Amino acid sequence: MSKVTGKRDVYLDDRPWEEALEEYMAYLEQKGALNPGPPEVVAVEEARGRVTAAPVYARVSSPHYHAAAMDGYAVKAALTFGASETAPKRLAVGSEAIMVDTGDPLPEGYDAVIMVEDVHFVSPEVLEITQPVYPWQHVRPIGEDIVATEMIVPANHRVRPVDIGGLLAGGVTEISVHPRPRVAILPTGTELVEPGRELRPGDIIDYNSRMLAGLVSEWGGDPVRKKITADDFEALRQSLLEALQESDVVLINAGSSAGSEDYTAEVIRSLGRVLVHGVATRPGKPVILGEVDGRPVIGVPGYPVSAYLCADLFVKPIIYKKLGSVPPARRKIEATVSRKLVSSLGVEEFVRVKLGQVGDKIIATPISRGAGIIMSLIRADGIVRVPRLSEGYGAGQAVPVELLRPLEEIKETTVIIGSHDIALDVLANYLRRLYPQASLSSAHVGSLAGLNALKRGEAHCAGTHLLDEETGEYNVSYIQRLLPGRGVVLVNLVYREQGLIVAKGNPKGIRGLEDLARPDVTFVNRQRGAGTRVLLDYHLKQLGISPDQINGYEREEYTHMAVAAAVAGGVDAGLGIRAAAVALGLDFIPLAEERYDLCIPREYWDTPYIQRLLTVMDLPEFRKEVQALGGYDLRDCGKVMWEQK
1 MSKVTGKRDV YLDDRPWEEA LEEYMAYLEQ KGALNPGPPE VVAVEEARGR
51 VTAAPVYARV SSPHYHAAAM DGYAVKAALT FGASETAPKR LAVGSEAIMV
101 DTGDPLPEGY DAVIMVEDVH FVSPEVLEIT QPVYPWQHVR PIGEDIVATE
151 MIVPANHRVR PVDIGGLLAG GVTEISVHPR PRVAILPTGT ELVEPGRELR
201 PGDIIDYNSR MLAGLVSEWG GDPVRKKITA DDFEALRQSL LEALQESDVV
251 LINAGSSAGS EDYTAEVIRS LGRVLVHGVA TRPGKPVILG EVDGRPVIGV
301 PGYPVSAYLC ADLFVKPIIY KKLGSVPPAR RKIEATVSRK LVSSLGVEEF
351 VRVKLGQVGD KIIATPISRG AGIIMSLIRA DGIVRVPRLS EGYGAGQAVP
401 VELLRPLEEI KETTVIIGSH DIALDVLANY LRRLYPQASL SSAHVGSLAG
451 LNALKRGEAH CAGTHLLDEE TGEYNVSYIQ RLLPGRGVVL VNLVYREQGL
501 IVAKGNPKGI RGLEDLARPD VTFVNRQRGA GTRVLLDYHL KQLGISPDQI
551 NGYEREEYTH MAVAAAVAGG VDAGLGIRAA AVALGLDFIP LAEERYDLCI
601 PREYWDTPYI QRLLTVMDLP EFRKEVQALG GYDLRDCGKV MWEQK
C-alpha cells in the first residue's frame with residue numbers, strides 16, 4: 001500500500017550547484033562515505049584503468065644483468081685505448097673480443113661493446129679497430145631502466161598500458177587497488193518498460209538507467225542496475241533498503257521533482273537525510289543530494305539530459321573520490337556563437353552545441369535545449385555554460401566551450417547552417433563512411449538565417465530553398481540581396497515534394513491549403529525565415545487566406561520531422577516534405593516541387609569541407625538511399641545552378 005502524505009514536497013532550494021556540491025562532499029567526507037573501500041589484489045595484466053591503493057615498488061632491476069645494447073663484440077674498454085686510424089688495435093676473437101647480440105648478457109669482466117660495423121677482420125681469429133670505446137659504451141647496465149626497490153607508480157594512480165609494462169618489467173605481477181565503487185541504479189516510474197517491449201500510449205522505455213550505468217562504468221565504478229520500481233512509497237523504500245545492503249552509492253532515477261507521485265526525497269528523508277533538493281541549473285534543477293547509513297543517495301531527475309548533467313556534476317566526483325582520484329578537466333576553447341542565445345537570470349544553463357571551424361573561427365551552434373532531448377547529447381560537440389547572472393550571449397559573441405569531442409575532429413567538420421532536409425542526414429552518414437576523419441554539422445535555423453550565417457562568416461555553406469514570388473526562381477534573388485558582391489556557388493542537392501502532411505487516412509478530409517482556414521482543422525507551422533514558411537505564405541496570399549484564419553499558424557517547429565511528429569501526435573496538418581510523412585507513416589497531399597540548394601562561398605569551394613561533399617553527392621549509393629526516402633528527385637544533384645562572382 002502506498003504512503004499518501006497531505007503535503008507535496010515542493011523543492012525550494014535554488015542554490016548554485018558548486019556550493020551545493022561543496023557542502024555535500026564535505027558532509028560525506030565527515031561521514032566517511034568517500035573513503036575508498038578495503039583494497040583488493042588484482043593481476044597486473046588485468047589492472048588497466050584500476051587505481052592503486054598503495055605505492056608499487058620494483059622487485060627486480062631491469063635489466064637485471066649487464067646487457068649488450070648492440071650487435072657486436074664485448075671487450076674490456078681498457079684494451080681499446082689508443083686505437084686510431086693510423087694506429088689500429090688488434091684483438092683476439094674469443095678471448096679479447098667475444099661476439100654478442102643485442103640483449104645478450106656481457107661476459108664476466110667485460111664492460112663495453114664494439115658495434116659489428118666498426119670492426120675489420122684481419123683473419124677469422126683477429127679483428128682490428130680504429131677507435132677506442134669507453135667503459136659501458138653500448139651496454140645497458142643493471143638497473144638502467146628500473147632499479148630494484150624503486151617506486152614504479154605511486155598510490156592513487158590510474159593504471160595505464162605503459163604502467164603495466166613497467167610493473168611487469170620490475171618483477172611485479174600483482175598489485176593492490178581500490179575496489180570499484182558499487183553504484184546501484186534504481187529506475188522508478190509506473191510508466192517505465194524494459195527495452196524491446198511492445199509500447200502502449202504512456203509507456204516510456206527505461207534507457208536512462210543504461211545510460212547512467214555506462215557513465216558509472218566509464219568513470220571507474222561498478223554499476224548495478226536494479227529492477228524497475230513503480231511509483232509507490234513503500235515499494236521504493238524497500239528497493240532503497242535492499243540496494244543499500246550491496247552498494248556504496250545509490251542513484252534513484254526519476255521521482256525527484258514535485259509531482260503527486262514523486263516520492264524520492266520523502267523516501268530518502270524517511271531513512272536518512274536530504275541535504276539538497278534543487279539547484280540553480282538548467283537542465284537538472286530537481287536533483288536530490290542525500291545520505292542513508294553513511295552512503296550517498298542521489299535523486300537523479302527523469303529527463304535524460306537532466307540525468308546526464310546531474311550525474312556528471314554530482315555522481316562523477318563521488319566515484320573519483322572513492323577511487324582516490326579527481327575527475328579530469330575537459331579541454332576548453334573559445335568559440336563564436338552562431339545565433340543569439342537567451343537564458344534566464346538566476347540559473348546556470350548548460351547549452352549543448354555543435355562545433356566546426358570556419359575560417360579562423362570555431363563556430364558554436366546551439367542544439368535543442370529541452371531536458372528530454374537525448375539526441376542533443378548525441379549530436380553535441382561541446383557545452384556552453386551560461387552563468388547565473390547572465391541573460392545569455394549575442395550572435396557572434398565569443399564564449400568558452402567545454403569540449404565533448406577532440407578538437408582535431410571538430411576542425412574536420414563541414415558546417416552547414418540553414419534549411420533542414422532529411423537528405424543532409426544521409427549526406428552526413430556517407431561523408432563519415434567515405435572520410436572517417438570528417439563529419440557534418442547541420443544547424444536547422446531556416447534558409448534566411450543560413451544565408452545570414454554565411455554573411456557573418458559562420459558556415460561553409462547554407463541549405464536554402466527560398467522562392468521568389470515575382471520570378472518563381474529559387475534562391476538567386478535572396479543571395480543577391482543578402483550577399484551582394486560575395487563570390488558564391490549555388491549547387492543543387494535535391495528537388496523535393498512539398499505538401500500537407502496529414503494523419504493516416506486523412507480523417508479530416510483535407511484536400512488543400514484552403515482547408516486550413518476551416519475552424520475544425522489544427523495546423524503546425526515552420527519558423528519564420530524557413531523556406532517552407534515562405535512557400536506557405538506565398539500560396540496563402542494567392543488563395544486570399546489570412547494567417548489569422550489558420551488555427552495553429554503561430555505554432556512553430558524547426559524541422560520537417562518535427563512537423564511530421566506533431567501531426568502524428570494529433571495536429572491535423574503541417575506543411576513539409578513527403579519524406580517526413582513517409583518516415584512516420586502519415587498521408588501526404590502534394591503542393592509543389594521545390595529546389596533545395598547549397599549556397600557555398602567561393603573561398604571554401606576548393607577546400608576539403610566542400611570537395612568531400614561533392615564527392616559524396618556523386619555516389620550512386622547515396623543517391624539511391626535519398627530517393628528511397630520518398631518525394632525526392634536528384635536529377636541535378638551536385639550540379640552548379642548559378643554562380644555569383
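Under the UniProt record's numbering, read the sequence shown as residues 1 to 645, first letter to last. We put the CB at the ideal spot given by N, CA and C, even for glycine. Remember, predicted model here, so these are calculated numbers, not experimental data.
In chain order, what residues of the same chain have a beta carbon less than 8 Å from the beta carbon of Asp-13, not counting five sequence neighbours either side? For the purposes of this step, residue 13 is identified with residue 13 of the sequence shown, where counting begins at 1. Cβ neighbours of Asp-13 beyond the five flanking positions: Ala-20, Val-276, His-277, Gly-278 and Val-279.
Please say whether Val-100 and Val-119 have beta carbons closer to each other than 8 Å? Looking up residue 119 in the sequence shown gives position 119. Looking up residue 100 in the sequence shown gives position 100. Judged by their CB atoms, Val-119 and Val-100 are not nearer to each other than the 8 Å cut-off.
Using a beta-carbon distance below 8 Å, is Gly-214 in contact with chain C? Absent here is chain C; the protein component of the structure consists of one chain.
From the DSSP output, read off the bridge partner residues of Ser-442. Taking the first residue of the sequence shown as 1, we reach residue 442 at position 442. Under DSSP, the beta-bridge partners assigned to Ser-442 are Ile-416.
What are the start and end residues of the beta strand (DSSP E) that includes Asp-42? Working through the sequence shown from its first residue, we reach residue 42 at position 42. Residue 42 is actually Val in this sequence, not Asp. Residues 40-43.
Collapsed DSSP secondary structure at Ser-390 in the structure displayed: Numbered from its first residue, the sequence shown carries residue 390 at position 390. DSSP places Ser-390 in coil when its eight states are reduced to three.
Looking at the unbroken alpha helix (DSSP H) that takes in Pro-161, where does it start and where does it end? In the sequence shown, counting from the first residue as 1, residue 161 sits at position 161. 161-169 is the extent of the alpha helix (DSSP H) around Pro-161.
State whether the stretch 577-590 contacts the stretch 621-635, with contact taken as three or more CB pairs (one from each stretch) at a distance under 8 Å. Yes, the stretch 577-590 touches the stretch 621-635.
Between Pro-296, Ala-33, Gly-570 and Gln-480, which has its C-alpha nearest Gly-552's C-alpha? Against the sequence shown, residue 552 aligns to sequence position 552. Scanning Pro-296, Ala-33, Gly-570 and Gln-480 for the CA closest to the CA of Gly-552 turns up Gly-570.
Which one of Val-563, Gln-245, Asp-597 and Pro-16 has the shortest CA to CA distance from Pro-286? As a position in the sequence shown, residue 286 is number 286, starting the count at 1. Ranking Val-563, Gln-245, Asp-597 and Pro-16 by Cα distance to Pro-286 puts Pro-16 first.
Taking only runs of the beta strand (DSSP E) that begin and end inside the stretch 105-168, which ones reach a length of at least 3 residues, in chain order? For the stretch 105-168, whole beta strand (DSSP E) runs of length 3 or above, ordered along the chain, are 112-115, 120-123, 126-129 and 151-153.
Determine the extent of the beta strand (DSSP E) in which Gln-498 is found, giving its start and end residues. Indexing the sequence shown from 1 puts residue 498 at position 498. That run of the beta strand (DSSP E) goes 488-502.
Quick check on Val-153: buried or exposed, where buried means 16 or more other Cβ atoms within 10 Å of its Cβ? Locating residue 153 in the sequence shown gives position 153, counting from the first residue. When all chains shown are included, Val-153 counts as buried.
To the nearest angstrom, how far is the alpha carbon of Arg-595 from that of Arg-496? Taking the sequence shown and counting its residues from 1, one reaches residue 595 at position 595. Taking the sequence shown and counting its residues from 1, one reaches residue 496 at position 496. For Arg-595 and Arg-496, the gap between their C-alpha atoms comes out near 7 Å.
Can you give me the C-alpha to C-alpha distance between Trp-642 and Asp-618, rounded to a whole angstrom? To locate residue 642, count along the sequence shown from 1; it is residue 642. To locate residue 618, count along the sequence shown from 1; it is residue 618. Using only the alpha carbons, I get a separation of about 19 Å.
Can you tell me whether Lys-332 is buried or exposed, with buried defined as 16 or more other CB within 10 angstroms of its CB? By one-based count along the sequence shown, residue 332 stands at place 332. That one is exposed.
In or out: Glu-18 buried (at least 16 other Cβ within 10 Å) or exposed? Within the sequence shown, residue 18 is the residue found at index 18, counting from 1. The residue in question, Glu-18, is exposed, as its Cβ has fewer than 16 Cβ neighbours within 10 Å.
Please state whether DSSP places Thr-365 in a helix, a strand or coil. The count along the sequence shown starts at 1 and reaches residue 365 at position 365. Looking at Thr-365 - three-state DSSP - the assignment turns out to be strand.
So, using beta-carbon positions, are Glu-470 and Ile-417 closer together than 8 Å? Here residue 470 is taken as the residue at index 470 of the sequence shown, counted from 1. Here residue 417 is taken as the residue at index 417 of the sequence shown, counted from 1. Cβ distance not < 8 Å, so Glu-470 and Ile-417 don't count as in contact.
Environment of Val-183 [buried if 16+ CB atoms lie within 10 Å]: Reading the sequence shown from its first residue, position 183 is the one you call residue 183. By the 16-neighbour rule on beta-carbons within 10 angstroms, Val-183 is buried.
Indicate the three-state DSSP secondary structure (helix, strand or coil) for Phe-523 in the structure shown. Working through the sequence shown from its first residue, we reach residue 523 at position 523. The three-state secondary structure of Phe-523, taken from DSSP, is strand.
Tyr-308 (DSSP reduced to helix, strand or coil): The residue labelled residue 308 in the question sits at position 308 within the sequence shown. Reduced to three states, the DSSP call for Tyr-308 is helix.
Using a Cβ-Cβ cutoff of less than 6 Å, which residues in the same chain neighbour Tyr-393 once the five nearest sequence positions on both sides are dropped? Locating residue 393 in the sequence shown gives position 393, where the first residue counts as 1. Within the same chain, Tyr-393 has close Cβ partners Val-337, Leu-341 and Val-399.
Where Arg-59 and Pro-135 are concerned, what is the direct C-alpha to C-alpha distance, given to the nearest angstrom? In the sequence shown, the residue the question calls residue 59 occupies position 59. In the sequence shown, the residue the question calls residue 135 occupies position 135. Looking at the two C-alpha atoms, the distance is approximately 27 Å.
Near Asp-203, what residues of its chain come up, given a Cβ to Cβ distance below 7 Å and the 5 sequence neighbours on each side ignored? Start at 1 with the first residue of the sequence shown, and residue 203 comes out as number 203. Glu-191 and Val-193, listed in sequence order.
Quick one: is Gln-549 buried, meaning 16 or more other Cβ sit within 10 Å of its Cβ, or exposed? Mapped onto the sequence shown, residue 549 falls at position 549. Exposed is the label assigned to Gln-549, since fewer than 16 other Cβ atoms lie within 10 Å of its Cβ.
In whole angstroms, what is the alpha-carbon distance linking His-444 and Ser-209? For this step, residue 444 is matched to residue 444 along the sequence shown. For this step, residue 209 is matched to residue 209 along the sequence shown. Taking the straight line from one Cα to the other gives about 30 Å.
So, with DSSP's three-state summary, where would you put Trp-17? Sequence index remark: in the sequence shown, residue 17 carries index 17 (1-based). In the displayed model, Trp-17 falls within a helix according to three-state DSSP.
Under 7 Å Cβ to Cβ from residue 647, same chain only, skipping five residues before and after it: list those, please. Only positions 1 to 645 of the chain appear in this structure, which leaves residue 647 out of reach.
To the nearest angstrom, report how far apart residue 646 and Tyr-435 are at their CA atoms. Past the edges of the chain, shown from 1 to 645, lies residue 646, and the structure says nothing about it.
Got a sec, what are the start and stop residues for the alpha helix (DSSP H) Ser-270 sits in? Start at 1 with the first residue of the sequence shown, and residue 270 comes out as number 270. 264-271 is the span of the alpha helix (DSSP H), which, as asked, contains Ser-270.
Determine the direct distance from the alpha carbon of Leu-575 to that of Leu-586, and round the result to whole angstroms. For this step, residue 586 is matched to residue 586 along the sequence shown. For this step, residue 575 is matched to residue 575 along the sequence shown. Their backbone Cα atoms lie some 12 Å apart in a straight line.
Closest Cα partner of Ala-53 within the set Asn-156, Gly-356 and Leu-186: Taking the first residue of the sequence shown as 1, we reach residue 53 at position 53. When each option's Cα is compared against that of Ala-53, the closest is Asn-156.
Residues near Ser-439 by beta carbon distance below 8 Å, same chain, minus five either side: Counting from 1 along the sequence shown, the entry for residue 439 is found at position 439. Hits under 8 Å: Glu-409, Glu-412, Thr-413, Thr-414, Ala-428, Leu-431 and Arg-432.
Leu-407 bridges to which residues according to DSSP? The residue you call residue 407 lines up with position 407 of the sequence shown. Leu-407 is bridged by DSSP to nothing; it lacks a bridge partner.
Going by alpha carbons, who is nearest to Arg-369 out of Ile-362, Lys-361, Ile-378 and Leu-543? The count along the sequence shown starts at 1 and reaches residue 369 at position 369. The shortest C-alpha separation from Arg-369 is found at Ile-378.
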